[in-house]
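A short write-up of the structure that comes next.
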Ligand SMILES: Cc1ncc(C[n+]2csc(CCOP(=O)(O)OP(=O)(O)O)c2C)c(N)n1
Ligand SMILES: [Mg+2]
């Protein structure tokens with residue numbers, strides 16, 4: 004399993020606003036220098052981190068288990084292929100990011116920030132989309148986890 | 051030896067009164083300049099300490115030439131009174147203004163440093179948080195000693211939270227007018243009066259003893275809250291010869307009338323499907339009464355035990371929706387409603403909970419209950435005793451006994467099914483992100499359960515920042531299983547509160563778990579030392595998302611809404627560059643630790659080690675890198 008010792012950036016890392024080329028370059032560098040654990044492994048992962056997508060959707064898009072918490076409204080969707088309509092295609096994804104910016108920028112009707120082309124250009128959207136679509140969707144079987152034990156323990160009581 | 055001027059002070063005139071500032075007694079040897087500062091001068095600006103005063107505070111202590119050194123000081127009597135009131139712990143950061151009390155606690159001939167035992171805190175906010183956690187776990191007040199203006203102000207936010215959270219605490223404020231003038235005030239209590247329930251500044255030893263007892267009574271009488279007594283240092287040092295301990299008075303809890311109790315009993319017994327809905331009672335005795343009432347009447351019960359203290363045990367067979375949700379009489383006991391302590395059909399007029407005397411509506415943003423003045427107030431826990439009596443007095447015939455038994459059995463079966471059905475759905479949802487790194491907050495909770503499920507445990511911290519997964523996954527069966535949130539959503543609470551809960555647990559074979567946000571931790575990490583020093587059974591689980599993540603999300607939203615991109619939202623909201631080494635901090639304070647754990651597969655081993663250490667009577671910290679929520 005990949006362990007992400009999380010949350011960027013290494014010392015001297017420039018502020019995130021930079022070109023895709025630079026992002027790609029840094030990501031390549033990170034592959035080239037795999038010993039550095041703080042760098043996101045790919046350009047997509049890097050964008051996902053820098054733009055704070057993880058903040059509400061989790062580091063692997065699994066959501067944030069906030070159904071019991073009162074901190075986010077509406078609850079952020081799980082970013083897994085097939086689980087949210089905004090991910091049906093890259094066009095829809097881009098349109099969602101942009102529409103929010105161009106149509107109702109100040110309207111907090113949904114909690115998600117919006118992303119104009121100035122802050123996330125089309126090429127970056129493309130890379131980010133690919134990264135999100137790549138999230139692993141598998142879940143272990145209940146019995147393989149302590150959750151299975153938990154259920155059994157309750158049943159035995 | 052009182053200064054008669056003092057009685058003319060208005061107690062609302064902190065630093066602005068018209069009398070003399072704290073000139074109750076001039077102790078021999080004190081520089082005359084150090085006393086009798088006119089308050090008018092103080093109101094413009096408190097006087098900075100003189101060189102001589104600073105020297106007394108920072109250099110080799112020159113013993114004050116106290117005229118009345120006595121073998122039987124007033125503070126001995128105060129300590130005996132605390133003992134008689136059942137106070138187990140007094141927590142403080144040491145200060146000369148209560149050195150008399152301090153010395154009496156640790157050296158009282160009959161009970162040196164036991165009942166009460168002196169607990170050492172590294173910050174006054176921690177001290178009050180400890181009392182807050184202890185108060186919620188036990189329903190009993192811990193005493194906090196605070197040093198005059200400075201200590202009290204350090205403690206202020208924590209006092210505020212305990213007040214909002216209706217938790218009993220007795221604050222003893224040391225005051226020494228012979229010394230640093232900036233530490234004294236005409237009216238010390240004014241600093242926190244809007245959010246304490248009752249205060250006094252006694253001028254004689256008998257008055258001080260009465261005031262301490264009254265503070266204790268007021269703290270435990272609903273609405274429970276912090277209360278405060280300014281204990282002038284000369285009263286602590288005065289001779290107790292000829293002064294007797296006051297006779298103990300029982301707190302008077304507001305009760306419903308016998309007629310009301312009979313009405314409730316007859317409704318419960320007459321209903322074919324009665325229900326109790328239980329919020330937060332005051333003490334474990336109240337929980338026992340609620341259990342007894344449910345069992346006697348065959349009522350199914352709703353609980354808040356997975357959200358806060360002193361509610362109905364979740365695994366009790368009667369706890370749950372019951373065999374049918376078609377209830378024909380529902381009795382509410384201390385539900386989260388701001389105004390009602392007991393509620394139910396036809397009970398509207400007798401259930402006002404009188405909060406009018408507390409006077410906190412502005413900060414609380416909540417107007418007093420309409421008509422609160424006319425309604426009689428009643429405490430559910432005390433009134434339960436009357437209701438139980440009325441139920442028992444109503445007697446029972448064979449038909450009723452058998453229908454209650456049948457109903458209870460049907461409830462038991464159905465409630466168990468309901469619990470398991472809910473749990474099945476809840477565990478399924480937690481599989482999401484199970485193997486992810488950083489560790490999912492669900493796994494943070496789930497992996498701990500096998501190690502404590504069959505132990506006596508308590509969650510001392512708030513849990514809402516880390517997902518609160520215990521609420522759905524664990525069974526909360528003790529009055530102290532879950533102590534709930536901080537009161538006023540003030541950050542910095544969890545560690546201190548958990549240490550207080552661990553004090554309540556220490557001598558009972560119980561262990562305490564603290565799900566500890568990293569942002570929250572960094573306010574007053576010194577509470578770790580208290581846990582190590584007093585050998586407390588406390589497991590600290592760091593929910594280390596390396597951020598004040600709640601605030602990150604707010605800033606991030608706003609940057610996006612303003613169209614300026616979210617890529618700088620981490621500035622000022624994250625704990626990066628450098629990362630904080632919690633294990634090293636813990637070890638620095640004498641607490642063993644593991645971490646940071648990034649691989650969820652390593653969590654169980656870390657918990658195993660942690661629980662082993664905690665069960666041996668020492669605190670342990672597991673630093674876990676977590677998903678943000
Ligand atoms: C005394 C105080 N200061 C600041 C805040 C604002 N605040 C609310 S949540 C939060 C972040 C808490 O950080 P942490 O405990 O790490 O929880 P996280 O949100 O990261 O899960 C802050 C600073 C507050 N509520 N109380
Ligand atoms: Mg945090």
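Protein chains in written order, with the working numbering: chain R, 4 to 160; chain Y, 51 to 679.
Here a beta-carbon is modelled for each residue, glycine too, at the ideal position from N, C-alpha and C.
Please read these numbers as outputs of a predicted model, since none were measured by experiment.
**Study point:** Spatially closest choice to residue 183 of chain Y from Y:677, Y:174, Y:549 and Y:231, by CA coordinates
**Key:** Nearest to residue 183 of chain Y by C-alpha distance, out of Y:677, Y:174, Y:549 and Y:231, is Y:549.
(Q) I want to see whether chain R comes within less than 7 Å of residue 268 of chain Y, judged by CB atoms only; does it? (A) For residue 268 of chain Y, the answer is no, since every Cβ of chain R falls outside 7 Å of its Cβ.
Practice prompt. Please compile the residues from chain Y whose C-beta is within a distance smaller than 7 Å of the C-beta of residue 116 of chain R.
Written response: Chain Y residues near residue 116 of chain R: 606, 607, 609, 610, 611 and 616.
* Asked: In the structure shown, what three-state DSSP assignment does residue 319 of chain Y receive?
  -> Assignment of residue 319 of chain Y by DSSP, reduced to helix, strand and coil, places it in the helix class.
- Query: Counting pairs of beta carbons, one from the segment 90–100 of chain R and one from the segment 559–579 of chain Y, are three or more of them closer than 8 Å?
  - Reply: no
List, from N- to C-terminal side, the beta strand (DSSP E) runs of 3 residues or more that fit wholly inside the segment 109–162 of chain Y. 139–142
Does the beta-carbon of residue 376 of chain Y have 16 or more other beta-carbons within 10 angstroms, so that it is buried, or is it exposed?
-> That one is exposed.
Next on the checklist: What does the alpha-carbon distance come out to for the pair residue 139 of chain R and residue 641 of chain Y?
Outcome noted: 38 Å
- Query: In the DSSP assignment, what residue or residues form a beta bridge with residue 564 of chain Y?
  - Reply: Y:590
| query | Any beta-carbon of chain Y closer than 7 Å to the one on residue 140 of chain R? | reply | no
message = If you follow the beta strand (DSSP E) that residue 164 of chain Y is in, where does it begin and where does it stop?
response = Note, residue 164 of chain Y: premise wrong, no beta strand (DSSP E); not H, not E.
Requested in this report: Determine the direct distance from the alpha carbon of residue 324 of chain Y to that of residue 454 of chain Y, and round the result to whole angstroms.
Outcome: Between residue 454 of chain Y and residue 324 of chain Y, the alpha-carbon positions lie close to 10 Å from each other.
Check: Say the cut is 6 Å; is the CB of residue 599 of chain Y nearer than that to a heavy atom of ligand 2?
Finding: yes
Cα-Cα separation, residue 590 of chain Y to residue 669 of chain Y = 8 Å
Report the residue from Y:434, Y:222, Y:381 and Y:648 whose alpha carbon sits nearest the alpha carbon of residue 318 of chain Y. Y:381
### Beta-carbon contacts of residue 153 of chain R that lie in its chain and below 7 Å, excluding the five residues immediately before and after
none
* Mapping DSSP to helix, strand and coil, what is residue 274 of chain Y? -> Coil, per DSSP.
Discussion item. Quick check on residue 179 of chain Y: buried or exposed, where buried means 16 or more other Cβ atoms within 10 Å of its Cβ?
Written reply: Answer is buried; the Cβ neighbour count reaches 16.
| Proximal residues to residue 489 of chain Y (C-beta, below 6 Å), its chain only, five neighbours per side dropped | 650, 674 and 676, listed in sequence order.
At the level of alpha carbons, what is the spacing between residue 330 of chain Y and residue 95 of chain R? Approximately 49 Å between the Cα atoms of the pair.
### Message
Give me the chain R residues within the contact set of residue 27 of chain Y, using Cβ-Cβ distance strictly less than 8 Å, ordered along the chain.
### Response
There is simply no residue 27 of chain Y to check, as chain Y begins at 51 and stops at 679 in what is shown.
ask   = If you count every other CB in all the chains shown that lies within 10 Å of the CB of residue 593 of chain Y, and 16 or more means buried, which is it?
value = buried
* Interface positions of the segment 119–144 of chain R facing chain Y (Cβ-Cβ less than 9 Å), listed along the chain -> When C-beta distances to chain Y are compared with 9 Å, the residues of the segment 119–144 of chain R below that value are 119, 121, 122, 123, 139, 141, 142, 143 and 144, in chain order.
Next on the checklist: Please tell me whether residue 500 of chain Y has its Cβ less than 7 Å away from any Cβ of chain R.
Outcome noted: Any Cβ of chain R closer than 7 Å to the Cβ of residue 500 of chain Y would place that residue at the interface, and such an atom is present.
Q. By Cβ distance below 7 Å, which residues in the same chain neighbour residue 654 of chain Y in space, the five residues on each side in sequence not counted?
A. 497
- [ ] State the start and end residues of the unbroken beta strand (DSSP E) segment that holds residue 379 of chain Y.
- [x] Element bounds for residue 379 of chain Y: 379–383.
query = Is the segment 355–363 of chain Y close to the segment 530–543 of chain Y, with three or more CB pairs under 8 Å?
reply = yes
State the Cα-Cα distance for the pair residue 610 of chain Y and residue 116 of chain R, rounded to the nearest angstrom. 4 Å
Contact under 7 Å by Cβ, residue 151 of chain Y with residue 286 of chain Y
Yes, these two residues count as a Cβ contact at 7 Å.
**Request:** Can you check DSSP and say which residues form a bridge with residue 350 of chain Y?
**Result:** Y:325
Requested in this report: Give a yes or no on whether 7 Å exceeds the smallest Cβ distance from residue 63 of chain R to chain Y.
Outcome: yes
- Just checking my contact of residue 148 of chain Y with residue 167 of chain Y at CB under 8 Å: how many whole Å lie between their CB atoms? That belief does not hold up - the Cβ atoms of residue 148 of chain Y and residue 167 of chain Y are roughly 16 Å apart, past 8 Å.
**Asked** Is any beta-carbon of chain Y found at less than 7 Å from that of residue 53 of chain R?
**Response** yes
On a Cα-Cα basis, can you pick out the residue from Y:205, Y:636 and Y:350 that is closest to residue 367 of chain Y?
Comparing Cα-Cα distances from residue 367 of chain Y to each of Y:205, Y:636 and Y:350, the minimum goes to Y:350.
Discussion item. With the cut-off set at 7 Å, would you say residue 220 of chain Y and residue 191 of chain Y are in Cβ contact?
Written reply: yes
Cβ closer than 8 Å: which chain Y residues qualify as neighbours of residue 157 of chain R? 469, 470, 473 and 525
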